[in-house]
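First the structure, in the form of structure tokens, and then the observations on it.
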Amino acid sequence: MSVDVVTFGCRLNAYESEVIRREAEQAGLADTIVINSCAVTNEAVAQARQSIRKLKRERPAARIVVTGCAAQTQAEMFAGMAEVDRVVGNDEKMRGEAWRATRAAFDAPFGIERSEKVAVADIMAVTEMAPHLLDGFERGLPRVFVQVQNGCDHRCTFCIIPYGRGNSRSVPMGAVVDQVRALVARGHAEIVLTGVDLTSYGADLPATPKLGQLVRQILRHVPELKRLRISSIDSVEADRDLLDVIADDSRLMPHLHLSLQSGDDMILKRMKRRHSRKDAIDFCAQVRRLRPDIAFGADIIAGFPTETEEMFTRSLDLVEECELTFLHVFPYSRRPGTPAARMPQVDGGAIKERAKRLRAAGEAALLRRLAAEVGATRDVLIESNRQGRTEHFLPVAIDGDVPGLVRRLMMTGHDGARLVGSCGDDEDGCEAVRLGALMITGIESNEACDERRSRERHQNSLK
């Protein structure tokens with residue numbers, strides 16, 4: 000049997016899981032389950048532990064390896080689990096030698112010594128980041144992630160992630176461009192740049208390029224790329240080049256996810272964030288002037304230590320003041336070793352209630368945006384035969400289509416969670432662009448038709 004990777008947490012982990020699978024399989028591991036864990040909340044750690052126990056019951060003969068942020072910060076805890084065969088650090092998991100060493104340990108005639116069970120080094124000593132030119136993504140997967148940065152130099156008082164990922168380090172621009180070019184050549188329709196602290200990109204590289212410069216280089220040197228998206232950013236660190244390219248190049252998708260965390264200035268100071276409430280509101284207004292159709296998402300924490308009802312209300316109001324569309328709500332989770340864990344805590348019941356109110360505000364904001372989109376024509380990336388995403392990352396229900404197409408659809412309504420897309424009465428007038436093949440006004444070239452039919456036969460064979 001091959002290597003199975005179970006991924007918890009962020010988009011970066013999803014990307015890294017592809018590297019893990021490739022490196023572990025090339026090392027010769029078999030019948031092995033890798034848990035790529037998350038440490039953002041206590042719940043994420045608990046979910047990883049539950050998954051480990053469940054998987055061991057289901058596959059008692061399989062080896063279980065734990066890696067990721069929780070493995071980096073709580074290695075001994077995972078090593079103490081009888082179900083776990085090895086713990087691999089967050090830097091080590093990206094290196095082939097770590098997986099070769101893991102196989103050697105598994106093949107040892109007398110089993111793994113307790114001292115060999117943990118392979119976790121000091122993440123703070125890692126100063127460079129090797130790019131991974133992945134060729135293992137499934138062909139035709141509409142959207143893929145490219146890691147351009149890792150780690151974080153900031154020390155927000157609630158966050159344990161710097162201790163799981165180390166200090167900020169970046170992939171050189173040339174290596175990023177090469178990977179994007181290779182992925183586009185393989186037929187991937189949309190590239191998402193991802194990292195832990197994206198807007199710190201380049202600070203450790205020669206000439207200290209900024210994120211905006213990287214985005215410009217990608218769009219300039221990979222003209223075949225149709226859709227580029229960036230994941231979560233820190234608005235106060237957005238550079239001028241990034242703002243200019245948001246305004247000037249339609250291939251950069253009009254969707255930004257912001258790390259806001261709170262709408263109250265005192266709470267932001269206690270979090271050691273680098274922006275104020277006014278900074279957040281002004282940034283959203285500035286970007287909206289440059290790109291009026293922009294859609295914003297944001298992370299907000301409910302119930303941070305010392306947060307009063309009045310302070311929380313300012314976070315709630317921020318949803319409308321920043322005109323957010325997507326809201327990712329985190330009920331505050333007390334992480335041992337962080338400064339916030341030593342602050343006066345908010346009652347657990349109040350945290351749950353505030354998180355519920357924030358989620359309701361987020362749902363209302365999404366409904367407003369869905370309603371506003373009805374009647375608009377959007378370019379929709381087809382993700383499956385039932386759903387796609389607009390340029391603004393809004394989900395669209397469709398009635399059967401080929402994944403990987405970018406189709407121009409009319410938004411005819413919504414169901415409360417997704418838009419409903421249609422070609423209208425004239426199906427031949429429905430525009431579609433298949434990356435790597437010619438499809439004009441719905442009429443396929445012979446090559447595109449052959450490729451589509453081959454894909455459909457392959458998909459049917461998997462059913």
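All residue numbers for the sequence shown refer to numbering that gives the first Met the number 0, where the first residue is 0 and numbers rise by one.
Built from N, CA and C at the ideal position, the CB exists for glycine as well.
In this structure, the straight-line span from the alpha carbon of residue 392 to that of residue 24 is close to 33 Å. For residue 294, no alpha helix (DSSP H) run applies; the uninterrupted beta strand (DSSP E) run containing it begins and ends at 294-301, by DSSP.
With a cutoff of 7 Å on beta-carbon distance, residue 197 and residue 182 are scored as not near each other. With fewer than 16 other Cβ atoms from the protein chains shown falling within 10 Å of its own Cβ, residue 373 counts as exposed. Per DSSP, reduced to three states, the secondary structure at residue 80 is coil, with no helix or strand assignment. Here residue 118 is buried, its C-beta having at least 16 other C-beta atoms within 10 Å. The three-state secondary structure of residue 405, taken from DSSP, is strand. The region 301-313 makes contact with the region 262-269: 3 or more CB pairs, one atom from each, lie closer than 8 Å. CA-to-CA, the gap between residue 396 and residue 309 works out to about 39 Å. Beta-bridge pairing by DSSP links residue 327 to 298. Spanning the alpha carbons of residue 145 and residue 26 requires a straight line of approximately 23 Å.
The distance from the Cβ of residue 70 to that of residue 88 is about 7 Å, consistent with a contact at the 8 Å cut-off.
Comparing alpha-carbon positions, the option among 248, 165, 416 lying closest to residue 225 turns out to be 248. Pairing residue 35 with residue 6 gives a Cβ-Cβ distance under 7 Å.
Here residue 92 is buried. Its C-beta has 16 or more other C-beta atoms within 10 Å. Burial is judged here by how many other beta carbons sit within 10 angstroms of a residue's own beta carbon; residue 108 has fewer than 16 and is exposed. Membership of residue 259 in the beta strand (DSSP E) is indicated by the continuous run 254-260. Here residue 279 has 234, 257, 259, 262, 317, 321 as same chain residues with Cβ atoms under 8 Å from its own Cβ, once five neighbours each way along the sequence are excluded. By the Cβ rule, the region 396-405 does not count as touching the region 358-370, because fewer than three pairs are nearer than 8 Å. Look at residue 73 here: in three-state DSSP terms it is coil, with no helix or strand label. Note on residue 253: 16 or more other CB atoms within 10 angstroms of its CB, so buried under the neighbour-count rule.
The criterion of a C-beta distance shorter than 7 Å is satisfied by residue 157 and residue 339. Taking all protein chains shown into account, residue 353 has 16 or more neighbouring C-beta atoms within 10 Å of its C-beta and is therefore buried.
Check the Cα spacing between residue 377 and each of 421, 127, 347: the tightest is with 421. Taking the CA atoms as reference points, residue 409 sits about 16 Å from residue 385. For a cut-off of 8 Å, the C-beta gap from residue 350 to residue 330 is around 5 Å, short enough to register as a contact.
The three-state reading of DSSP puts residue 207 in coil, since its state is none of H, G, I, E or B. Within the same chain, and ignoring the five residues on either side of residue 41 in sequence, the residues whose Cβ sits closer than 6 Å to its Cβ are 332. Rounded to whole angstroms, residue 37 and residue 4 show a C-alpha spacing of 13 Å. Rounded to the nearest angstrom, the gap between the Cα atoms of residue 199 and residue 125 is 16 Å. Beyond the five residues adjoining it in sequence on each side, residue 213 comes within less than 8 Å, by CB distance, of 147, 172, 175, 192, 200, 201 in the same chain, given in chain order.
DSSP places residue 416 in the coil class of the three-state scheme, outside both helix and strand.
Within the same chain, and ignoring the five residues on either side of residue 159 in sequence, the residues whose Cβ sits closer than 7 Å to its Cβ are 38, 72, 334, 336, 337.
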